[in-house]
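The opening position of the sequence shown corresponds to residue 17 in my numbering, with each subsequent residue numbered one higher. Note that the Cβ used here is the ideal one computed from N, Cα and C, for glycine as well. Accompanying notes for the structure given below.
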Amino acid sequence: MKTLELLAPARTADIGIAAVDCGADAVYIAGPSFGARQAAGNSVEEIGRLCTHAHRFGVRVFATVNTILYEEDLPAVEELVRQLEEAGVDALIVQDPAVTRMSTLPLHASTQCAIRTPEKACFLESLGYGRLVLERQLSLNQIKAIATSVEAEIECFVHGALCVCYSGRCYLSEYLTGRSANRGACAQPCRSLYDLEDASGKVLVKNKALLSLRDFNLMTRLEELADAGVTSFKIEGRLKGESYVRNVVKAYSEALDALIGRYPDRYCRASFGRVTGGFTPSLDKTFNRGYTQLFLDGTRGLWSSMEAPKSMGEYIGTVARLTPDGLVLNPASEEVVLANGDGLAFVAPDGSVAGFRADVCTGNAVRCKQPEGLREGVRLYRNISAAFEKELERNKPRRELSVQLIVEMNEGQLSVTAVCEDGRKAVEKVPAPEEPARDPLRMLDTLSAQLNKRSGHYSFFVKSLALYGDLPFMGAAFLNAIRRTLAEKLDAQPVVARPLRRGSVNPTVPVPEQLTYKANVANSVSARIYTERGAHRIDPAYELSHCRGVELMRSKYCIRHELGLCPRQGKAIKAEPLFLRNGKERLCLHFDCAVCEMTVS
């Protein structure tokens with residue numbers, strides 16, 4: 017039986033708890049430092065609180081220690097790793113190989129390691145990583161080739177924002193702003209507006225987010241990914257809010273349950289419990305820049321969100337006319353219902369995304385402060401649905417563990433045994449009431465109803481009940497006491513989660529030829545690990561992005577193709593190279609057509 021894991025992001029412990037309650041099998045979260053998102057740090061105590069809640073359902077908690085490390089960082093990183101282990105973290109997500117010599121926890125090679133070939137995957141596995149988080153710009157065939165080349169678990173992103181570059185190989189932020197993406201401080205220059213110029217200085221495209229990609233959405237491709245060898249389906253979003261995480265996690269959890277329902281003998285979830293009740297998820301109502309499946313099919317499509325690098329949301333119609341205090345909407349369908357407080361957006365004449373709030377909505381009439389550039393005929397989008405946000409907050413789902421109950425009557429003693437789906441077992445034996453039940457069938461219904469009640473923080477429901485012997489008459493208070501005692505006994509026992517794969521070091525695996533100083537290892541321990549295995553030693557003080565004229569990023573995304581200017585499309589540009597212009601900064605584009613990739617330098 018192959019376990020499938022839904023891995024959710026957590027900016028905070030509370031968001032992580034929300035992800036668990038909505039169906040996540042694992043959560044990834046950053047500690048106070050050395051995570052690839054500086055703005056998403058958490059205290060070790062908060063991570064411990066998340067672990068306590070998650071482990072009740074066999075949900076694992078992964079801590080990100082995935083920046084590159086400098087020599088002076090190592091003592092602090094070792095101390096952090098020790099604290100995370102004590103807090104109950106189940107694994108570490110790591111970019112810098114120095115961490116492989118610090119921890120006894122299972123280690124996952126971060127997507128920042130840019131794993132996109134079987135050779136790179138085999139090498140990283142040989143360093144001791146038990147799981148590999150793959151590059152996002154891969155095809156199904158490439159994913160399958162990697163999965164079949166290693167024993168390590170394979171984790172793939174399936175939803176959320178996309179870096180335009182190969183993960184971990186972008187030096188653009190540091191080059192432009194001094195903020196290193198590989199140290200957790202990316203300034204997101206890929207979302208900035210640029211002009212596209214040819215070699216003569218002619219402006220071909222003006223003021224567009226030419227490096228901005230749409231968001232990933234592989235909701236309909238989970239079965240193919242599982243067939244290709246993926247065991248963990250990862251949602252991006254450690255800077256996202258709770259409503260985003262709730263909505264996306266519940267949507268993918270339901271999709272994963274449907275997949276397992278089709279193949280119950282082949283797959284199971286990596287954690288325990290079921291999610292019941294709550295809101296109906298809708299991915300279109302959550303932050304997105306439009307969706308793409310990127311290179312999954314091995315073919316190119318239109319991947320960019322150059323017109324709208326921010327979240328546009330769902331298309332709701334056009335402006336029918338402007339009014340003195342707002343506008344009237346021409347809705348895209350009868351299903352479009354406006355609500356007070358909706359967030360609306362449109363593309364302004366200068367190409368930027370303008371947003372405004374719908375203060376009061378009466379039918380299709382909206383009272384609002386009219387933003388500059390709003391005019392009749394403009395396409396409107398809703399990037400905040402006030403009604404949906406209220407539903408998310410008001411109607412939260414509940415996660416529960418199933419138990420099988422065995423009720424036995426034997427010589428005046430009542431014995432109730434509860435066996436939880438994760439294997440825990442509790443028994444409560446009490447003297448049976450002497451009065452026999454006058455209506456045995458009704459007493460059985462009462463027994464089932466009372467033992468199946470939800471109370472307090474306990475999260476158990478009765479999946480089946482087996483009865484042996486004749487029932488006495490038992491009142492509600494008597495049965496409630498038994499239920500609470502069984503729940504306390506089960507809760508007192510630790511859940512034994514399904515095991516994570518632990519890697520092992522294999523020094524015989526060769527270093528891939530392409531692995532050099534560009535591998536983002538920046539301290540002497542990491543350099544020594546690579547040098548021992550035959551890679552080129554690096555200078556710890558060397559900063560690639562400080563060097564003009566070198567490759568700042570590489571991507572499967574191609575601006576020429578996106579604009580219909582690729583030579584294979586029959587519309588080649590004569591005055592090359594092409595440049596991206598942002599103020600005084602000018603970046604050169606190169607097109608490596610042999611491998612169909614674009615670089616920026």
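Query: Between which two residues does the beta strand (DSSP E) holding Phe-372 run?; Result: 369 to 373
Query: Buried or exposed, going by whether 16 or more other CB atoms sit within 10 Å of the CB of Met-17?; Result: exposed
Query: Looking only at its chain, what residues have a beta carbon closer than 6 Å to the beta carbon of Cys-384, apart from the 5 residues adjacent to it on each side?; Result: Gly-342, Phe-372, Ala-374 and Asp-375
Query: Are the region 80 to 95 and the region 43 to 52 in contact at 8 Å, needing three or more beta carbon pairs?; Result: yes
Query: Using the Cα positions of Gln-585 and Lys-224, report the straight-line distance between them to the nearest angstrom.; Result: 22 Å
Query: Sort Arg-410, Val-335, Leu-220 and Glu-323 by Cα distance to Gly-367 and report the nearest one.; Result: Glu-323
Query: Could you name the residues of the same chain whose beta carbon sits closer than 7 Å to that of Gly-393, not counting the 5 residues immediately before and after it, in chain order?; Result: Thr-334 and Val-335
Query: Taking 9 Å as the cut-off, decide whether the C-beta atoms of Val-432 and Leu-467 are in contact.; Result: yes
Query: Looking only at its own chain, which residues have a Cβ that is under 7 Å from the Cβ of Glu-451, when we skip the five neighbours before and after it?; Result: Pro-488 and Phe-489
Query: How many Å lie between Tyr-260 and Gly-57 at the Cα?; Result: 18 Å
Query: Is Ser-464 helix, strand or coil when you go by DSSP?; Result: helix
Query: With Lys-469 as the anchor, note down where its beta strand (DSSP E) starts and where it stops.; Result: Per DSSP, Lys-469 belongs to no beta strand (DSSP E) and is neither H nor E.
Query: Just checking my contact of Asn-233 with Tyr-307 at CB under 8 Å: how many whole Å lie between their CB atoms?; Result: 4 Å
Query: Quick one: grab the DSSP three-state call for Cys-436.; Result: strand
Query: Quick one: is Ala-242 buried, meaning 16 or more other Cβ sit within 10 Å of its Cβ, or exposed?; Result: buried
Query: By the 10 Å Cβ neighbour count, where 16 or more other Cβ atoms means buried, how is Ser-189 classified, buried or exposed?; Result: buried
Query: If we count Cβ pairs, one from each stretch, closer than 8 Å, do we get three or more for the region 99 to 110 versus the region 448 to 463?; Result: no
Query: According to DSSP, simplified to helix, strand and coil, what is Gly-428?; Result: coil
Query: Put Pro-452 into one of helix, strand or coil per three-state DSSP.; Result: strand
Query: On a Cα-Cα basis, can you pick out the residue from Leu-318, Asn-304, Gly-491 and Val-246 that is closest to Arg-458?; Result: Gly-491
Query: Which stretch, first to last residue, makes up the beta strand (DSSP E) that contains Glu-95?; Result: From DSSP, Glu-95 is part of no beta strand (DSSP E) but of the alpha helix (DSSP H) over 90 to 103.
Query: Any chance you could list the beta strand (DSSP E) runs of at least 3 consecutive residues sitting entirely within the region 211 to 264, in chain order?; Result: 219 to 224, 231 to 233 and 248 to 251
Query: To the nearest angstrom, how far is the alpha carbon of Gln-19 from that of Leu-421?; Result: The displayed chain sequence assigns Thr, not Gln, to residue 19. Using only the alpha carbons, I get a separation of about 26 Å.
Query: For Gln-654 versus Gly-314, is the C-beta spacing smaller than 9 Å?; Result: Absent from the model: residue 654. The displayed extent of the chain is 17 to 617, so no value can be given.
Query: Report the residue ranges of all alpha helix (DSSP H) runs contained in full by the region 41 to 73; include only those spanning at least 4 residues, in chain order.; Result: 60 to 71
Query: Can you determine whether any heavy atom of the ligand SAM sits closer than 8 Å to the C-beta of Ser-183, and answer yes or no?; Result: This structure lacks the ligand SAM; in fact it carries no ligand of any kind.
Query: If we count the other Cβ atoms within 10 Å of its Cβ and call it buried at 16 or more, is Pro-340 buried or exposed?; Result: exposed
Query: Glu-21 and Ala-42 look like a contact to me (Cβ under 8 Å); what is the Cβ gap, rounded to whole Å?; Result: 5 Å
Query: What is the DSSP secondary structure of Glu-135, reduced to helix, strand or coil?; Result: helix
Query: For Lys-136, which residues from the same chain have a beta carbon less than 6 Å from its beta carbon, with the 5 sequence-adjacent residues on both sides left out?; Result: Pro-528
Query: Please confirm whether Tyr-182 and Arg-132 have their CB atoms less than 9 Å apart.; Result: yes
Query: Measuring only between beta-carbons, confirm whether Ala-161 sits less than 9 Å from chain B.; Result: Absent from the structure: chain B. Only one protein chain is present.
Query: For my contact list, Asn-346 and Pro-297 are in at a C-beta cut-off of 8 Å; report their separation, rounded to the angstrom.; Result: Wrong, their Cβ atoms sit about 28 Å apart, outside the cutoff.
Query: State the Cα-Cα distance for the pair Arg-470 and Ser-208, rounded to the nearest angstrom.; Result: 51 Å
Query: Whole-angstrom Cβ separation of Ser-321 and Ser-228, contact assumed at under 8 Å?; Result: 5 Å
Query: Beta-carbon within less than 6 Å of Arg-199's beta-carbon, same chain only, minus the 5 sequence neighbours each way: which residues are those?; Result: Thr-83
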